[in-house]
Amino acid sequence: MRFQRALPRPVVTCPARLLAWLVVLAGTLATSAHAQLRLDITQGVRDAVPIAVVPFGGQAEGGPNDVAAVIAGDLQLSGRFKPLERRDLVARPTRGEQVRFEDWRLLKSDFLVIGHVTPEASGLAVEFELFNVQTGQRLLTKRLVTSERGLRATAHRIADLIFERLTGIPGAFSTRIAYVAVDGRPPKQRYRLMVADADGYGPRIVTESSEPIMSPAWSPDGQSLAYVSFESKASAIYVQRLATGDRRRVSARSGINGAPAWSPDGRKLALTLSRDGNLDLYVLDLATQGLTRLTSDSAIDTEPEWSRDGASVYFTSDRAGNAQVYRVSAGGGQEAQRLTFTNGYNARPRLSPDGESLALVTLDRGAFRIASYDLKTRNLHVLTDGRQDEAPSFAPNGAILIYATRAGAKGTLAMVSADGRFQQRLSSETGDVREPVWSPSPPAQR
Amino acid sequence: MKAAQQAELRRALEDEEAGEALARSGVVDEYRTLLIQTIERNWKRPPSARAGLECTLYVTQAPGGAVLGVKIGDCNGDDAVRDSVSNAVYRSSPLPAPRDARAFERRLVIVFKPAE
């Protein structure tokens, strides 16, 4: 019987009038519970997100300090965003009230950045607004005061803020890259240690020599670089302050002085020395010049990298017959522990900022590629697809890595996102470029 | 019971039966899959959308599939995640239509729950 199936039994005994009312009500309720289709979304795409960055008001377009161009360039470089081409911008709003969201929706742009630069007594005020085009909601707005010279830095700062609001990860655009550039052919080569903004702008020479320069390493405060130079015909390690150019030779022992790595507190350098005939790892106290030996193996131990807590050091050793990554106590006197087993070659470990994985160079199907090694799961995940990729270095936000690769016979730089899904070659200047190292975040952002 | 009331009752029950028949024929499942595929293609998942995320959206659509409103219910994601899920729905507008118009629902409950 229909009644009994459709309704709980007690209702059947109700007066007819009430019964009918209840049935209708139940029908309505059933419809409302029913008339909501439930969907479970378990997957998404990892495409770059389209965003429109409109040229800022009060500025000539296309100059070196074009704030919108710097922001768009940064977002593009991150691999997570796809800024609209300028010629496709349908309008040029510079203030919130001028925005017609329909225009931007038609362009399938998810987000919109507008702003303007206005002169004021103490310099220039840069104001920007970030909108969600789909909802019309304003997500972020800020006013920053700067000078004409500080415009690019301010634009990078804005890109950092936008990136963080839209991805949940702090931006790393207000940072710098150090690298080694080599010009000319042997025997007339010129080696230069360079520092440029993270987008490659404004390269300047830190030091240069006709002898090799290698292994630059940023101090944790971002004020100094340690590096190896052969300028006195033998290898020596120098520490140079970028602001003043002052430099100090911290290790020039007989044999090889190589691969300096700063301890997290900036007081010590881990390095590799061949004072006993073969390469072993040591820790050098920069204040006292005291030396602690970490390894004493007949194999080559090199490329040290500190753990986050400064208690241990990761390094490369060929003690098992081929290069693999190991870990040893930073205090010395302990056996090293082997970490990588997956491929026949794993070298140059660099710790991710969260301390959970190592970027390294691995031999993958006959090619040298950048991989990430998860310290917990011990999984090795190959990120790049070049033939001779080397020297990975994490951005301070851990979202992206810069590394060196080859374009024909020439060394050039490339970037890859930490999950490997986005890779980008950086157009390089003339000559060979190698050993890129990403600086820490500027102090204001730490 | 009055005739009108009985007719009303019968209609309600018939509707319900029709709904069940529709469900049995697979049209509703097909519609659900179509909607899920469309929205998944438009969800640009931010890195902060990790396993354990669960975001419920209440969506109203017009008969042609145009998205009229998106309300975010319970959601343990950050701002980046909230923007991304509501934009996934807006980007999917107009939503696909079911093969049988009777399977159409104005109101959708969409749960974003990435597997990994």
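Chains as they are written, first to last, in the numbering used here: chain U, 634 to 1079; chain Z, 84 to 199. Glycine included, every Cβ here is placed at the ideal spot set by N, Cα and C.
For V678(U), no alpha helix (DSSP H) encloses it, and the DSSP letter there is neither H nor E. Sixteen is the threshold: when 16 or more other Cβ atoms of the shown chains lie within 10 Å of the Cβ of T808(U), as they do, the residue is buried. With a 10 Å radius around the Cβ and a threshold of 16 neighbouring Cβ atoms, K127(Z) comes out buried. In terms of Cβ geometry, I889(U) and L906(U) form a close pair [threshold 8 Å].
For T751(U), the enclosing beta strand (DSSP E) has its first and last residue at F744 to E753. Judged by DSSP in its simplified three-state form, A184(Z) adopts helix. Between R671(U) and chain Z, the shortest Cβ-Cβ separation is below 8 Å.
Residues of the region 672 to 684 of chain U that bring their beta carbon within less than 7 Å of a beta carbon in chain Z comprise L672, D673, I674, T675, Q676, G677, V678, R679, D680 and V682, in sequence order. The beta carbon of I747(U) does not come within 8 Å of any beta carbon belonging to chain Z, so the residue lies off that interface. Secondary structure note for T808(U): it is in no alpha helix (DSSP H), with a DSSP letter that is neither H nor E. Annotation for A788(U): the continuous alpha helix (DSSP H) segment containing it runs L784 to T800.
With distances taken between CA atoms, D743(U) lies nearest to V766(U) out of A754(U), E762(U), F761(U) and V766(U). Between the alpha carbons of T768(U) and V732(U) lies a gap of roughly 13 Å. F1001(U): member of the beta strand (DSSP E) spanning A1000 to D1007, first to last residue. Apart from sequence neighbours up to five positions away, the residues of its chain that approach D997(U) with a beta-carbon distance below 8 Å are N976, A1004 and V1015, ordered along the chain. Counting only runs of 3 or more residues that sit fully inside the region 871 to 950 of chain U, the beta strand (DSSP E) segments are 880 to 884, 890 to 895, 901 to 906, 913 to 918, 924 to 926, 934 to 939 and 945 to 950, in chain order. The beta carbons of V958(U) and L993(U) sit closer together than 8 Å. For K154(Z), no chain U residue has a Cβ inside 7 Å of its Cβ, as the nearest lies near 11 Å away.
Put simply, of L904(U), R1067(U) and R882(U) the residue whose alpha carbon is nearest the alpha carbon of P1025(U) is R1067(U). Taking 9 Å as the cut-off between beta carbons, the residues of the region 743 to 775 of chain U near chain Z are D743, F744, N765, V766, Q767, T768, Q770 and L772, in sequence order. For T779(U), the enclosing beta strand (DSSP E) stretches over residues R771 to T779.
V994(U): member of the beta strand (DSSP E) spanning S990 to D997, first to last residue. Below the 8 Å Cβ cutoff, chain Z contributes P129, A163 and D166 as neighbours of L799(U), in chain order. Contacts with chain U at 8 Å (Cβ-Cβ) do not include N159(Z).
I1035(U) is outside the set of residues whose beta carbon lies under 8 Å from a beta carbon in chain Z. Of all alpha-carbon atoms in F806(U), Q922(U) and M847(U), the one lying nearest the alpha-carbon of A867(U) is that of M847(U). When 8 Å is used as the limit between beta carbons, R174(Z) is near these residues of chain U: K741, D743 and Q767, in chain order. Following the DSSP letters along the chain, one finds N979(U) inside the beta strand (DSSP E) bounded by residues N979 to L984. Within the DSSP bridge table, the entry for P716(U) names I684(U) as partners. Cβ neighbours of F689(U) within its own chain (closer than 6 Å, five residues either side excluded): V700, A701, G748, H749 and V750.
In this model, G147(Z) and V172(Z) are separated by some 15 Å (Cα to Cα). Looking at the DSSP output, Y860(U) bridges to Y871(U).
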